[in-house]
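The structure appears right after this line, and notes come after that.
In the UniProt record's numbering, the protein residues as written are 1 to 468.
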């Protein structure tokens with residue numbers, strides 16, 4: 001368990017270093033361009049990969065027990081390769097039509113397409129190790145691949161040209177190597193088994209995956225439109241320079257909240273899926289509520305930490321050209337905090353296999369964002385404020401009366417009055433003291449206080465895990 005925690009903390013540190021190096025080596029226009037490439041990658045990942053991924057996650061333990069695990073993974077390879085080809089063709093058509101990337105080379109478009117395939121393979125095979133209980137192997141592979149990606153990307157932009165395509169090329173190569181290493185782990189762990197019982201991929205997608213995953217596909221398309229499509233709006237109505245600055249500040253928030261989510265999911269997501277399959281009805285009924293409370297706690301801690309330490313985070317995590325991005329960090333962390341908790345709450349529909357019920361909340365959230373953007377003056381801040389409102393609305397719509405009562409019940413067991421009050425006092429104290437302290441003293445105080453809060457939280461989590 002300590003190895004897992006240490007690995008996750010190292011990965012978090014690498015994410016912070018990655019942003020610093022990236023914003024030091026790439027000018028804002030190239031950073032903005034890369035954000036568009038990543039948005040396209042997320043589009044394919046969210047809309048076409050994630051629905052299949054949720055199906056895979058829900059059936060991993062069953063496939064392992066039946067000896068079908070490796071053959072099932074292999075079964076989806078043609079589908080994932082098709083997505084990469086479709087991405088490349090789509091980018092070429094968009095370039096020829098003058099819609100996107102008119103000045104970009106075919107090499108950059110090819111790298112963007114390969115990223116769809118490499119990230120899909122890596123983010124399917126490696127996290128599956130964690131869900132199957134091999135968390136140490138998962139952490140080792142994740143940390144090594146992250147470090148390798150940072151090294152290769154930095155090397156490519158320094159040796160060749162400092163542009164988005166070369167940075168992503170290093171990321172693609174590291175993920176390919178990480179995927180190859182994962183096969184070795186599967187073989188060593190005895191999970192690499194073949195069988196002749198596997199159906200053709202078309203039959204699997206049509207008979208098994210599609211009925212379960214089509215609502216997830218529509219849901220993720222709506223979520224992508226709500227929280228990723230803003231990049232194309234900014235590029236169209238403002239500039240790549242302003243897009244780069246917005247995404248840089250927002251990326252700090254994304255990485256901190258995402259790292260918090262990933263560290264928490266190392267323990268809580270496998271427990272959630274295990275409780276979903278529990279023979280005990282009482283355990284199954286409380287699974288989602290426990291998971292929501294478990295995820296909300298570290299996200300709230302991270303949110304408070306970012307709100308009180310934004311100046312320090314901008315200074316240490318971003319390059320000199322990106323220092324005037326504090327407002328985007330503050331707005332971005334609110335978007336991400338509400339979105340992550342809403343996503344955790346939405347897993348109740350995966351548990352009951354009623355994934356079609358995800359669509360309505362996501363549609364309403366997107367509609368609210370569009371309306372708010374339309375009725376306000378179009379500014380960078382107004383776009384992000386509209387996204388905050390959409391994320392809050394999404395979270396509210398994910399709840400029903402039964403889940404709300406279960407969350408309050410589970411939360412009453414997890415949240416003690418004294419620790420909660422202490423957290424609020426730390427937050428308010430930092431807010432009050434900030435105007436009266438020099439930046440260096442305030443930064444030192446911020447680091448010490450939040451390190452103590454984080455250590456206290458991790459101690460309680462490790463204690464819970466040990467008891468279980």
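We treat Cβ as the ideally placed atom computed from N, Cα and C, and that holds for glycine.
In the displayed model, residue 68 falls within coil according to three-state DSSP, outside both helix and strand. Within its own chain, the residues whose Cβ lies closer than 8 Å to the Cβ of residue 147, once the five positions on either side in sequence are excluded, are 14, listed in chain order.
Contact between the region 37-56 and the region 224-241 is present: 3 or more CB-CB pairs across the two stretches fall below 8 Å. When DSSP states are grouped into helix, strand and coil, residue 376 belongs to the coil group. The DSSP-derived three-state label of residue 325 is coil. Around residue 27, the same chain offers 321 as residues with beta carbons nearer than 7 Å, after the five sequence neighbours per side are excluded.
When Cβ pairs closer than 8 Å are counted between the two stretches, the region 246-256 is seen not to touch the region 46-53, the count staying below three.
The beta-carbon separation of residue 23 and residue 318, rounded to 5 Å, stays under the 8 Å limit for a contact. Taking one beta carbon from each stretch, the region 439-456 and the region 328-343 have fewer than 3 pairs nearer than 8 Å; the two do not touch. With the rule of 3 Cβ pairs closer than 8 Å, the region 341-361 counts as touching the region 212-225. Rounded to the nearest angstrom, the gap between the Cα atoms of residue 294 and residue 266 is 12 Å. Going by DSSP, residue 156 is part of the alpha helix (DSSP H) stretching over 135-159. In terms of Cα proximity to residue 311, the closest of 325, 9, 301 is 325. Apart from sequence neighbours up to five positions away, the residues of its chain that approach residue 285 with a beta-carbon distance below 8 Å are 406, ordered along the chain.
In the three-state reduction of the DSSP assignment, residue 13 falls in the helix class, which pools H, G and I.
Per DSSP, residue 104 is not a residue of any alpha helix (DSSP H), being assigned neither H nor E.
Taking the Cα positions, residue 160 is about 21 Å away from residue 176. The criterion of a C-beta distance shorter than 8 Å is satisfied by residue 111 and residue 168. A distance below 6 Å between beta-carbons, with the five flanking residues on each side excluded, links residue 382 to the following residues of its chain, in chain order: 376. The DSSP-derived three-state label of residue 97 is coil.
Excluding residues up to 5 positions away in sequence, 145, 148, 149, 152 lie with their Cβ nearer than 7 Å to the Cβ of residue 174 in the same chain.
Exposed is the label assigned to residue 379, since fewer than 16 other Cβ atoms lie within 10 Å of its Cβ. Shown here, residue 163 sits in coil according to DSSP, grouped into three states, outside any helix or strand. Cβ-Cβ distances below 6 Å link residue 362 to 219, 222, 223 in the same chain, with the five nearest sequence neighbours on each side left out; the list follows chain order. Restricting attention to 445, 143, 297, the CA atom closest to the CA of residue 461 is found in 297. In the structure shown, residue 58 adopts helical secondary structure according to DSSP, grouped into three states. Excluding the 5 residues flanking it on each side, residue 114 has same chain C-beta neighbours closer than 7 Å at 84, 172, in chain order. Leaving aside the five residues that flank residue 108 on each side, the residues in its chain whose CB is nearer than 6 Å to its CB run, in chain order, 165.
Straight through space, the alpha carbons of residue 102 and residue 95 are spaced by roughly 5 Å. Residue 394 counts as buried, since no fewer than 16 other beta carbons sit within 10 angstroms of its beta carbon. Residue nearest to residue 33 within the set 68, 245, 7 is 245 (criterion: CA-CA distance). Boundaries of the alpha helix (DSSP H) around residue 232: 230-237. Counting every other CB atom within 10 Å of its CB across the protein chains shown gives residue 277 a total below 16, marking it as exposed. The three-state reading of DSSP puts residue 251 in helix, counting H, G and I together.
Note that the C-beta distance between residue 366 and residue 226 is below 8 Å.
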